[in-house]
Structure formats: C-alpha cells, structure tokens
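See structure below.
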Amino acid sequence: MAAAQDKPVRVVDLHTHLFNARHLPLESIIAGAMGAWSSPLARPLAKLLYLLTETTGEQAEFSRLQQLHLHSLHDHGGHEQIDYIASICNVASHEFQVGIAAGLPDADGLAALTADSPQADAMRGSDLMAILRELEQAISATGGPDTAAAPSTDSLVQELMAPAGLVDWARSTVKRALERFMALVVRDPTSTIGNYAEFFFTLLGSEETIFQRLQVAYGESLPSMEYAHLMMDMELAYPGGPMANYHLSKRTGNMVKLQKKFPELHGFFAFDPRRDDPNPRGWKGLLESALKDGFIGFKFYPAMGYKPHGDAVHARRINEFYDFCLEHDTPIFAHCTPVGFQTPRKEGAFANPEYWADVLSSRKELRLCLGHAGGQRAPRERPVSAGWDAEEVEWKKGNYAWQVVDLCVRYPNVYCEIGHLEGLLGGDMSDFERNLRRARDTQMDYGFMSKVAYGSDWHMQAMVNSARSYLDLFLKLFEKEEWREHRERFFWQNAHAYMRLPR
Numbered sequence: 104m105a106a107a108q109d110k111p112v113r114v115v116d117l118h119t120h121l122f123n124a125r126h127l128p129l130e131s132i133i134a135g136a137m138g139a140w141s142s143p144l145a146r147p148l149a150k151l152l153y154l155l156t157e158t159t160g161e162q163a164e165f166s167r168l169q170q171l172h173l174h175s176l177h178d179h180g181g182h183e184q185i186d187y188i189a190s191i192c193n194v195a196s197h198e199f200q201v202g203i204a205a206g207l208p209d210a211d212g213l214a215a216l217t218a219d220s221p222q223a224d225a226m227r228g229s230d231l232m233a234i235l236r237e238l239e240q241a242i243s244a245t246g247g248p249d250t251a252a253a254p255s256t257d258s259l260v261q262e263l264m265a266p267a268g269l270v271d272w273a274r275s276t277v278k279r280a281l282e283r284f285m286a287l288v289v290r291d292p293t294s295t296i297g298n299y300a301e302f303f304f305t306l307l308g309s310e311e312t313i314f315q316r317l318q319v320a321y322g323e324s325l326p327s328m329e330y331a332h333l334m335m336d337m338e339l340a341y342p343g344g345p346m347a348n349y350h351l352s353k354r355t356g357n358m359v360k361l362q363k364k365f366p367e368l369h370g371f372f373a374f375d376p377r378r379d380d381p382n383p384r385g386w387k388g389l390l391e392s393a394l395k396d397g398f399i400g401f402k403f404y405p406a407m408g409y410k411p412h413g414d415a416v417h418a419r420r421i422n423e424f425y426d427f428c429l430e431h432d433t434p435i436f437a438h439c440t441p442v443g444f445q446t447p448r449k450e451g452a453f454a455n456p457e458y459w460a461d462v463l464s465s466r467k468e469l470r471l472c473l474g475h476a477g478g479q480r481a482p483r484e485r486p487v488s489a490g491w492d493a494e495e496v497e498w499k500k501g502n503y504a505w506q507v508v509d510l511c512v513r514y515p516n517v518y519c520e521i522g523h524l525e526g527l528l529g530g531d532m533s534d535f536e537r538n539l540r541r542a543r544d545t546q547m548d549y550g551f552m553s554k555v556a557y558g559s560d561w562h563m564q565a566m567v568n569s570a571r572s573y574l575d576l577f578l579k580l581f582e583k584e585e586w587r588e589h590r591e592r593f594f595w596q597n598a599h600a601y602m603r604l605p606r
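Written out as structure tokens, the structure is:
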C-alpha cells in the first residue's frame, strides 16, 4: 500500500493583497488613525510615503534588512526586532541623495560637499525637500514634547547647510514626524494594525515587488502555489477627502499587467456602491471592464461604509450589483470579521454575517466567500463575537463563525476562508480544531468541509512576517488522520470551485 503524501498537490492562498501605498488615500487613513477626518500632519506624511514608494531607496533598505534580519522578516514575531521608523528614515535619506552624484556618495564624499555646491542646490530644490519642510511645520502645528526639544530649522539655516547636514536634518525630520504620528494614533481594539511604521514600510514596494516578497515569504519545499489578490477601493469612504496617489484606472492597469505576467494570480476588483464610471454604462461598465480585463470576481468591504443588506443610502445599487453577479455567476469576496479597516465612523459592524443571511434569503445562488470565516474572539475589548475561539455555550449565540458555517452549509455557492486568525500563530490550534469539528458535523444540505478554504490575509501586519508559519499550522492539522481526507479540498479544490476554476 502506497504511503500517504505529506502535502496537498497544490495550495491556493485565497486572501492576499498586493496593493502599495499609492493605491490608498493615505492622508485620510493617517488622519483616521489619529481619530480625525483631517490633520496638519496627515497630508505631508502621505506625500512623503507616496514619494518613497517604488524607489531604489526602498529596495536598498529591504536588502539591508534581509542581510541583517533575514529570519525576522519571515518568522512570526520577528518584526518586533526591526525598527521600521529607522527603515523609513533610511529610504528617505537614500532618496534625498539620489542624483547628486553618479552613485550614492560615501560618508567621506558626502562630508566633502560644501553648502554652495551644485549637489547642495539640487537637494534644496528637490520635491523631497519641499515635503520635508511641510512636515517640519506640521510637527510644530501638532505640538507635543518633541517640538521644543528639536526646534524647526528655518529656510535660512537650511541654505547654509552642506549636504551632510541636510541629510542629517532630513532623517531627523522624518523620524520626528513618524514618532509624532505614532504618539497621536488613537488606540483602537478593532484595528489589525499595531505598528503603522511597519505597515507603511510594507507598502513602499511596487506591486510586482510585493508579490515577489509574498512568494519568498512562503519559502521552499511547497507544492505549486496560487494566489487570489484583493484590490481595495477606499477613497469614497472618506467624503470630500483626497484621492489616492494612483487613480483607479492606474491601479487597475497595474494589477491587470501583474495578472498577465503571473498566471498563478487571480484578481478580485474592488466594488464600492458609491463609485461611478464616466462611460455610458456607469458602474456596470466599470465592472464589465474589470471582468473583460481578467478579474474573476469582486471585493466587497462593508466596513468602508455600506451594509450588505438594507443600506439606507445604497441599497438599490447594492442589490443591482448582486443581480449583476448572479447574471455572470461572478464570485464576491466579503470582509466578515469584527476587526479590520474602518473610517472614523466606526462601521465595522456592517461586516456582521447576519446581513448576508438576509441577502441570501432572496438570492440563494449568489457566489460568495466570507473572508476570515467570521474571525476569532473580537474585538479584544468587549468582544461582539467569540468566533473560532468559542466555547460550546458560545458557539451559536450571535457568533460570527457559527453564522458563517450556517450560511456555507445552507447555500450551494457560499464559501469561507480562514485568513488572519492571528491568535493561532501562538501555536495552539485546539479551540479552532474543536470548532472545525463542530462545523464539519453540522448536518444540512452541504458539507462544511467542501466550503472552507485556506487564506492568509497577507500583507496585513500580523501576516506579513508569518505567511509560512501560518500555512504550516494548517498543513500540520491536515496531516492528522481525522482531517486528511479533506486536505485537497481545503487547500485548493474548494477555492477553485468558488472561483470557478478547473479542478
């Protein structure tokens, strides 16, 4: 008798992100993290991050981190050993010096440049210099203990600085701005971002670079990998706020190119009921173009300000969107956990799976994946759902995870994936396995083990350093005799069925 193989023949990560900083309305996100709709610090900090994105400085700094902290970049918890504020300062310092010489000057070469040199004039006249001056003013405008300790350097003093002094000033300004922002971040138990400096640094690569880092993060000795990547469209969640650095057409075009270059990528275009298109077909034309360009489905993110069912403003368009997806048998991927991105309006509760129960009652054939499978016990303070951590008495009562299971076993095209169950990274799978057993044994029209799939939610903060660790937890689980018969379905067949790909 042949020995059972120790791994599935394929793995599909059904939940990844490949967008970079230029895809996001960073000014609004930064202000929102500080509990406001606007802030004098938000605009210049966003401009800085946009300018540093897709640069040689970012590549040089990531290479430096690989040499010094290789294991920290890919091991759970290793990110705590890296000073990401210092890394962003290094990127800024690199970009500040780019163009003043044939290559980056060494310390002696930089020190030899004088205040009246052409290189100094080039630095003072750069776009980065203008942003740094804005940042310095914004630091002063937000107050704080660092303002008196490190007073601003006025333009006259800057004119007298040699390039070495300007580089030191630039690093200090970026460091002070990031530290000031981090001090102003409002603690939010529903947020999955614990360190914004790490989050920002992760977003500084190009889309292709980010994808390559995802592949590296999973490492070697794995079966063939495929990835579903989910776009985000967050601009209209912040009324009147500034747009992302890349317009939607540019964001879309970049992802289409990436998908064509890497056939193992399956893209989900972002749906927002507030989004229209200038062509005569309007929002429908936008979705039709996305499908024509090779996207296979749509991302639906309720916490950005719209309910899946009964929305007071957007219900008609959302219902028309469902009908469009039914007509084309197009998959919808929905955020479904109590935590994640929110605006200052705090509308994360719109992700409650009870809304999808109402949707599916009249649209039973809708092809839907509930991201995070309802999540874990969350938020950390005053949890609204026990999720996959539930004790027996908590399993049903308002529990997101149980509601997700119930929808999966009742409807033919409803699936879920288990991305970003961050608590599992501690290594204890006992609660999850106990509840997976309950889900498996639920008797309804469809078996849950034919509906649940693997996903990570990479490059969100908890996962960006933990992709392989997270996958290994589930590879080990499905090595057990009890679960082995479901292994191929969990790791790729269910994802293919949901996305309507060949199996």
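Just so we're aligned, residue 104 is where the sequence shown starts under our numbering, counting upward by one. We put the CB at the ideal spot given by N, CA and C, even for glycine.
Legend entry - Gly397 versus Met232 - alpha carbon distance: Position 294 of the sequence shown, counted from the start, is the residue given in the question as residue 397. Position 129 of the sequence shown, counted from the start, is the residue given in the question as residue 232. Approximately 41 Å, taken between the alpha carbons.
Inset, instruction - Can you tell me which of Leu510, Glu391, Met552, His369 puts its alpha carbon nearest to the alpha carbon of Leu604? - result: Looking up residue 604 in the sequence shown gives position 501. When only C-alpha atoms are compared, the closest one is His369.
Legend entry - Helix, strand or coil at Arg448 [DSSP, three-state]: Looking up residue 448 in the sequence shown gives position 345. Coil at Arg448, not helix or strand.
Inset, instruction - Drop a sphere of 10 angstroms on the beta-carbon of Leu171, count the other beta-carbons inside from all chains shown, and report buried for 16 or more, exposed for fewer. - result: Mapped onto the sequence shown, residue 171 falls at position 68. Exposed, because fewer than 16 other Cβ atoms sit within 10 Å of the Cβ of Leu171.
Legend entry - Straight-line Cα distance separating Met328 from Gln362: By 1-based counting over the sequence shown, the position of residue 362 is 259. By 1-based counting over the sequence shown, the position of residue 328 is 225. If you take the alpha carbons of Gln362 and Met328, they lie about 14 Å apart.
Legend entry - Three-state class that DSSP yields for Tyr514 in the structure shown: Within the sequence shown, numbered from 1, the residue matching residue 514 stands at position 411. Coil, per DSSP.
Inset, instruction - Could you work out which residue in Pro515, Arg448, Phe535 is closest to Ala489 when comparing CA atoms only? - result: In the sequence shown, residue 489 corresponds to position 386, counting from 1. Out of Pro515, Arg448, Phe535, Phe535 has the C-alpha closest to the C-alpha of Ala489.
Legend entry - Among Met547, Asn597, Glu484, Val507, the one whose alpha carbon lies nearest that of Arg290: For the purposes of this step, residue 290 is identified with residue 187 of the sequence shown, where counting begins at 1. Ranking Met547, Asn597, Glu484, Val507 by Cα distance to Arg290 puts Glu484 first.
Legend entry - Inter-residue Cα distance where the pair is Ser220 and Gly388: What you label residue 220 is simply residue 117 of the sequence shown in a count that begins at 1. What you label residue 388 is simply residue 285 of the sequence shown in a count that begins at 1. In a straight line, the C-alpha of Ser220 is about 55 Å away from that of Gly388.
Inset, instruction - With DSSP collapsed to three states, give me the class of Tyr187. - result: Position 84 of the sequence shown, counted from the first residue, corresponds to residue 187. Residue state, collapsed to three classes: helix.
Inset, instruction - Mind checking which residues open and close the beta strand (DSSP E) that includes Glu329? - result: Within the sequence shown, numbered from 1, the residue matching residue 329 stands at position 226. Its beta strand (DSSP E) spans residues 327–333.
Inset, instruction - Mind the definition here: the segment 346–353 touches the segment 115–134 only if three or more C-beta pairs lie below 8 Å; say whether that holds. - result: yes
Legend entry - Pairwise C-alpha distance: Ile399 and Glu450: On the sequence shown, residue 450 is found 347 positions in, with the first residue counted as 1. On the sequence shown, residue 399 is found 296 positions in, with the first residue counted as 1. Taking the straight line joining both Cα atoms gives about 27 Å.
Inset, instruction - Starting from Thr119, follow its DSSP beta bridges and name the residues at the other end. - result: Indexing the sequence shown from 1 puts residue 119 at position 16. The partner list for Thr119 (beta bridge, DSSP) reads His332, Trp561.
Inset, instruction - Would you mind working out which of Val114, Met532, Phe551 sits nearest Cys511, comparing C-alpha positions? - result: Within the sequence shown, numbered from 1, the residue matching residue 511 stands at position 408. Comparing Cα-Cα distances from Cys511 to each of Val114, Met532, Phe551, the minimum goes to Phe551.
Inset, instruction - Below 7 Å CB to CB, which residues in the same chain sit around Arg146 once its five sequence neighbours on both sides are set aside? - result: Start at 1 with the first residue of the sequence shown, and residue 146 comes out as number 43. Closer than 7 Å at the Cβ level, and outside the excluded window around Arg146, lie Glu130.
Inset, instruction - Please check the pair Ile191 and Ala300, which I expect to be a contact at CB under 8 Å, by giving their CB distance rounded to whole angstroms. - result: Within the sequence shown, numbered from 1, the residue matching residue 191 stands at position 88. Within the sequence shown, numbered from 1, the residue matching residue 300 stands at position 197. Yes, Ile191 and Ala300 are in contact; Cβ-Cβ is about 6 Å, under 8 Å.
Inset, instruction - Give the single residue among Leu580, Ala225, Tyr409, Pro482 whose Cα lies nearest to the Cα of Asp109. - result: Position 6 of the sequence shown, counted from the start, is the residue given in the question as residue 109. Ranking Leu580, Ala225, Tyr409, Pro482 by Cα distance to Asp109 puts Leu580 first.
Legend entry - For Met547 and Arg513, believed in contact at Cβ under 8 Å, the rounded distance: Taking the sequence shown and counting its residues from 1, the one referred to as residue 513 is at position 410. Taking the sequence shown and counting its residues from 1, the one referred to as residue 547 is at position 444. The Cβ separation is near 6 Å, so the contact holds.
Legend entry - In DSSP terms, what Lys402 is bridged to: Translated into the one-based positions of the sequence shown, residue 402 becomes position 299. Answer is Ala373, Phe436, bridged to Lys402.
Legend entry - Counterpart residues of Glu520 in DSSP-defined beta bridges: The residue you call residue 520 lines up with position 417 of the sequence shown. Looking at the DSSP assignment, Glu520 forms a beta bridge with Ala556.
Legend entry - Sequence-distant residues of the same chain with beta carbon closer than 8 Å to Glu311, five excluded per side: As a working note, residue 311 is residue 208 in the sequence shown. Contacts found: Leu361, Lys364.
Inset, instruction - Pair every Cβ in the segment 572–589 with every Cβ in the segment 527–542, then say whether three or more of these pairs are closer than 8 Å. - result: yes
Legend entry - Residue closest to Ala267, alpha-carbon to alpha-carbon, out of Thr245, Gly228, Ala223: One-based indexing of the sequence shown puts residue 267 at position 164. Of the candidates Thr245, Gly228, Ala223, the one whose C-alpha sits nearest the C-alpha of Ala267 is Ala223.
Inset, instruction - Please classify Gly322: is it buried, with 16 or more other beta-carbons within 10 angstroms of its beta-carbon, or exposed? - result: Sequence index remark: in the sequence shown, residue 322 carries index 219 (1-based). Exposed is the call here.
Inset, instruction - With hydrogens ignored, establish whether the beta-carbon of Glu157 is closer than 7 Å to any heavy atom of the ligand HEM. - result: Absence of the ligand HEM is noted for the structure shown, with no ligands found whatsoever.
Legend entry - Cα-Cα separation, Thr293 to Met264: To locate residue 293, count along the sequence shown from 1; it is residue 190. To locate residue 264, count along the sequence shown from 1; it is residue 161. Straight-line Cα distance between these residues: approximately 45 Å.
Legend entry - Between the CA atoms of Cys439 and Leu394 - distance to the nearest angstrom: Indexing the sequence shown from 1 puts residue 394 at position 291. Indexing the sequence shown from 1 puts residue 439 at position 336. Cα-Cα distance, rounded: 24 Å.
Legend entry - Alpha carbon of Gln596 to alpha carbon of Gln315, nearest angstrom: What you label residue 596 is simply residue 493 of the sequence shown in a count that begins at 1. What you label residue 315 is simply residue 212 of the sequence shown in a count that begins at 1. Distance between the alpha carbons of Gln596 and Gln315 is about 24 Å.
Inset, instruction - Could you pull the start and end residues of the alpha helix (DSSP H) that Gly474 belongs to? - result: Residue 474 sits at position 371 when you count from the first residue of the sequence shown. No alpha helix (DSSP H) contains Gly474, which is instead part of the beta strand (DSSP E) from 471–474.
Inset, instruction - Would you mind working out which of Trp386, Gln184, His332 sits nearest Asp560, comparing C-alpha positions? - result: As a first step, residue 560 is located in the sequence shown; it is residue number 457 there, counting from the start. Ranking the options by Cα distance to Asp560, first place goes to His332.
Inset, instruction - Measure how close the beta-carbons of Gly138 and Glu198 come, nearest whole angstrom, since I'm counting them as under 8 Å. - result: As a position in the sequence shown, residue 138 is number 35, starting the count at 1. As a position in the sequence shown, residue 198 is number 95, starting the count at 1. That pair is no contact at about 30 Å.
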